[in-house]
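First the structure, in the form of C-alpha cells, and then the observations on it.
Chains as they are written, first to last, in my numbering: chain A, 558 to 973; chain B, 1219 to 1514.
Written as C-alpha cells, this is what we have:
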C-alpha cells in the first residue's frame, strides 16, 4: 500500500483512500449498456425499487408486528391497520408490492427467455436470477403466514404438508419444518425469522451476485447483436455518442429507467389505494381457525400455475398414485426454468421472432401458464380437472420438446 | 412505436391474468345470489290488512302477555323488565319498531323460527325460546291473532326512537350474539352480551367476531347475507333478523367505522399521492427525452 499523506479530513485525502471517482466511473459512467433496448430492460431497476419499498415498509411493520399466534392477527389488523399513524399505508404498500414484484419478476424472466438472454455466456445471470425467484417465492410464502388469518394458516398447512413426500411418507420432515404435529406457534415464529432475517439476507446477497454475473457478459439487446464493447465505448467517450452502440449506465440508461419507474409507480400506488384485494385476500381477514377449513384454499396468484401442476394429474397412472405424480411434476415445475440454458440447442443468440419454431413454443408457454394460473384458483372438479390435466401435460411437453424445437430452428437457419 | 406494441402485449396478458384470477374466479367461487329484498315480499303479512291500535297493543304487551317478563323495554320513559339468557340474551324491544321491518316484525311475533328462517334448528321437539303467538291457545292463527299482532306492532313503532346512531343499531341488532372486539379493543365493552357457553349450546358454535367482516366480505355480500343468511350459508343457525334497509346500512357503516377506520384517510390521501407521482413521471419522461436526444 502506498502511504497516503493527504489529510484524512480533506476531500482529496478521502478520494485517495476510497477512490470514489474511479468507483463511480466503473459502476456508473463507464458501465456500458447496449443502446438498442426497450422499456422491458428497465424491469431490473423497477424490481430493485419494489424490493426497496418492501424493505422500508417491512421495517415499519416490524416495529408493531407480534409473532405470536395469540397476538399476530390483532397486531396487524388492529394495531397497524387502525391505530398506528399510516400503518395501513405501510401494510398496503407491503402487501401490494409483494404481489406486484412477482408480476415484474415474470415479465423480467420472460423478457430473458424471449430475447435468448440466458445462454452462451449468460447462464450465470439466468441461474442467479432463477435462484432469486425461488428465494422470493419462499419470502412471499413465509410473509403470507404472518398475519395469521385463515389463508395464512391453511396455505401453511397444505404447503408444509407437501414435504411429507406423498406416498414416501417422509414422516419427521413435515414435523421438523413445522416444529410440531400441526401448524402452530412454533411454525409462525420460525417463518417470521425466515421472513424478516434469513431470506432477506439471502435475497440481498443474490441480488449482488445477479448484478455481478451481468457485468462480464453484459446485458443483451433487442436484436441480440454481439457488440464489441471496448470499441463502442471508445466511440462514445470520443464524443460519437450518436454512432456508438452503447450508452453509459448513468445517466443515459438510468434516465430511461426512471421514466419507466415513474409510470410504474402510478400503477403501483393506484393498486395500493384502490385495488388491493387481489394482493391481500379477503379470506385472510378472518382469523386463523384450525377447526374450520375455508371453502376454497388457494395460494397467492403467482404460485397458482405451479400449484395447478400439483393438482393436474388427478387419477392414478403408470402404477403411481395421482398425488405422487402431482408432487413429482410440482417438484419439477419449481426448478424447470433453471434448466432452459442447457436444453436450448440453438447455438445462436436471437430474439424469438427470429426463431420461428421457438417463437410458437414461447407463446404456447405463456398461454399454458395463464391457463394453469386461472384454473389453479378454481375448484378442481368436472371439466376444470381436465383443463388442469391437459395444461399440465402441455407444460411438460413444452420442456421435453425444447431441445428439438430449438435445434430445428438452428438447422433451418443453417447454423448447424 | 415498437415500445408501444410491446407495452400493448404486456398490458394485454397482464389484463387477462388479472381477469382470470380475480373477477372470473370470484364468479366461480362465490355463486351469484338474488339481491336483498327489503320489502320481505315472500313473507306473508300475518296482520292480514288489519289496522293496529297503539293503546290495545300496549295493554297486550304490558298487561296481558307481560312481555317484560323476558324482555326489557322503555315505556313512557320508564324501563321495564330485563334481558335474560334463554340460550341467547333476549332483545330490548324499545327500538324494535324502528330497526325491524314491520311486516317482518309481525311475522316474527306470529312464528319466530319461520320468520327467521331457522325452522331447521327446531326439529325433533326443540322449540324456539319465544313461543308462536296464539291469543286463545287454540293452535290456530286466526283473525283475533292477526288483530293483536297488528296492535303490538303499532305499539312497538310508537315507543321506538326516531333515529339511532350506527353503533346503537349494531348493539340492538347484532351484539347479543356477535362480539366486535375492535369496537372497543382495550375496554372490551363490545363483546357479545350472551355468555359464550350459552350461545355455543344454543347455536352450536360461537358466532364469529365481526371486527374485520368489512374487509373479509364485500359490502354487497354483507347486505345479501344480513338480509337473508340462508342465501350464502344454507343451513346456518343465524336467523334472518329482518332489518330495514336503513338499519342494515347503519350496521354496515358501523362495521366500516370499526373494521376499516382509516377508509376516509386512505381516500383523501390517494389524490395528492398519485398527483405527486404523475408530476414525478412527467419530469422523469422529459429528462429521459433530453438525455436520449444526445445519443440518438
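Yeah, the Cβ is synthetic: ideal placement off N, Cα and C, and Gly gets one too.
query	result
Buried/exposed call for residue 785 of chain A, threshold 16 Cβ in 10 Å	exposed
Supposed contact pair residue 883 of chain A and residue 868 of chain A - C-beta distance, whole angstroms, cut 8 angstroms	6 angstroms
Segments assigned beta strand (DSSP E), at least 3 residues, entirely inside the segment 1264 to 1307 of chain B	1291 to 1293 and 1296 to 1298
Residue range of the alpha helix (DSSP H) that includes residue 1330 of chain B	1330 to 1333
From A:956, A:969, A:815 and A:924, residue whose alpha carbon lies closest to that of residue 1227 of chain B	A:924
Where the segment 660 to 677 of chain A meets chain E: residues whose CB sits under 8 angstroms from a CB there	Protein chains A and B are contained in the structure displayed, whereas chain E is not.
Buried or exposed (CB count within 10 angstroms, at least 16 for buried), residue 1507 of chain B	exposed
Stretch-stretch touch, CB-based, cutoff 8 angstroms, three pairs: the segment 821 to 839 of chain A with the segment 892 to 902 of chain A	no
Pairwise C-alpha distance: residue 584 of chain A and residue 561 of chain A	24 angstroms
Cβ-based neighbour list, residue 1313 of chain B, same chain, cut-off 8 angstroms, excluding 5 preceding and 5 following	1378, 1379, 1382, 1386, 1387 and 1390
8 angstroms Cβ cutoff, residue 1547 of chain B in contact with chain A	There is no way to answer for residue 1547 of chain B, as the model of chain B reaches only from 1219 to 1514.
Contact set for residue 1253 of chain B: own chain, Cβ-Cβ below 8 angstroms, skip 5 residues either direction	1442
Complete alpha helix (DSSP H) runs within the segment 1419 to 1466 of chain B (minimum length 4 residues, chain order)	1431 to 1434, 1437 to 1445 and 1447 to 1450
Residue 1177 of chain B: contacting residues in chain A (beta-carbon distance under 8 angstroms)	Since the first residue of chain B shown is 1219 and the last is 1514, residue 1177 of chain B is not available in this structure.
Test: residue 601 of chain A CB closer than 8 angstroms to a CB of chain B	no
Contact check, residue 779 of chain A vs residue 594 of chain A, beta carbons under 8 angstroms	yes
CB contact below 8 angstroms: residue 1469 of chain B versus chain A	no
Collapsed DSSP secondary structure at residue 1315 of chain B in the structure displayed	helix
Proximity of residue 566 of chain A and residue 614 of chain A at Cβ, strictly below 8 angstroms	no
Endpoints, the beta strand (DSSP E) within which residue 589 of chain A is located	589 to 591
Residue-chain proximity (residue 802 of chain A, chain B), Cβ-Cβ < 8 angstroms	no
Three-way DSSP call (helix, strand, coil) for residue 973 of chain A in this model	coil
Neighbour flag for residue 1236 of chain B against chain A, beta carbons, 8 angstroms	yes
Nearest to residue 1290 of chain B (by Cα), restricted to the options B:1274, B:1307 and B:1275	B:1307
Proximal chain A residues relative to residue 1224 of chain B, where beta-carbon distance stays under 8 angstroms	595, 596 and 597
Buried versus exposed, by CB contacts within 10 Å (16 or more), residue 1447 of chain B	buried
Option nearest residue 1398 of chain B by Cα separation, candidates B:1426, B:1384 and B:1376	B:1426
Neighbouring residues, chain B, relative to residue 843 of chain A (Cβ below 8 angstroms)	1426, 1430 and 1434
Counted within 10 angstroms of its Cβ, other Cβ atoms place residue 1245 of chain B as buried (16 or more) or exposed	exposed
Of the listed residues B:1292, B:1354 and B:1368, nearest to residue 1268 of chain B (C-alpha basis)	B:1368
Any alpha helix (DSSP H) of 4 or more consecutive residues that is wholly inside the segment 709 to 745 of chain A	730 to 735
Neighbour flag for residue 808 of chain A against chain B, beta carbons, 8 angstroms	yes
Residue environment, residue 729 of chain A, which counts as buried when at least 16 other CB atoms sit within 10 Å	exposed
The segment 795 to 805 of chain A in contact with the segment 616 to 635 of chain A per 3-pair CB rule at 8 angstroms	no
Residue from A:855, A:874 and A:872 whose Cα sits closest to the Cα of residue 865 of chain A	A:855
Same chain, Cβ closer than 7 angstroms to residue 945 of chain A, neighbours up to 5 away in sequence not counted	865, 868, 869, 932 and 937
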